[in-house]
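Enquirer: Residues 18 to 150 (the working numbering) are what the sequence shown spells out, left to right.
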Amino acid sequence: MIRKIVTCFFTVMVLSSFLTPKKIDLELLKGKWTYKEYNSERDVDIYMKVKDVPHDKGSFEFRENGVLLVKQNSGWCGTPPIHYHTVEGKWEVVNDSVVRLEYLNWRGNISKQLHIVNLNKTQMAFKNYNSTK
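1) State buried or exposed for V111, treating a residue as buried only when at least 16 other CB atoms are found within 10 Å of its CB.
2) Could you give the C-beta distance for V84 and E105, rounded to a whole number, given that I count them as a contact under 8 angstroms?
3) Going by DSSP in three states, M30 sits in which element: helix, strand or coil?
4) What are the partner residues of H132, as DSSP defines its beta bridges?
5) Assuming T96 and V70 make a contact with CB atoms under 8 angstroms, what is their CB distance in whole Å?
6) Buried or exposed for C25, going by 16 or more other Cβ atoms inside 10 Å?
7) Report the residue from S76, L136 and L86 whose alpha carbon sits nearest the alpha carbon of V115.
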């Protein structure tokens, strides 16, 4: 009986370690991130960390003190050629795995919550929860 209890306890501990969100490492988050792809199996957007943002790509740049730079489509049309411009916004950590972004685009004030599921030196994967204020 004791063996079953111990086995059950360790099983629960191991499983819960996989389900517990990891705390966002702000040093890894800071920098320029550009879109790579959407992973439909995991339902996540994947961004790559870059030194310089290509002229034909949008990006998020997380800076010190919650300063956010968003390079985005300057209008509603997504047909190439796309014209980009950069706006300043703000970002903040909501909890161990969620970052809130606020900025302005052609639709108005944007508030996004990124539920980060993977973050390392070169790649960030997140579920994107958008809302327009």
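By construction, the Cβ of each residue, glycine as well, lies at the ideal position given by its N, Cα and C atoms.
Expert: Looking at the atomic coordinates:
1) exposed
2) Correct: roughly 7 angstroms between the Cβ atoms.
3) Since pLDDT at M30 reaches only 45, below the 50 mark, its modelled position is unreliable, and no value is offered.
4) In the DSSP secondary-structure assignment, H132 is bridged to V115 and K144.
5) The pair is not a contact, with the Cβ atoms about 21 angstroms apart (cut-off 8 angstroms).
6) With a pLDDT of only 44 at C25, under the threshold of 50, the placement of this residue in the model should not be trusted; the figure read from the coordinates follows. Counting Cβ neighbours within 10 Å, C25 comes out exposed, since fewer than 16 surround it.
7) L136
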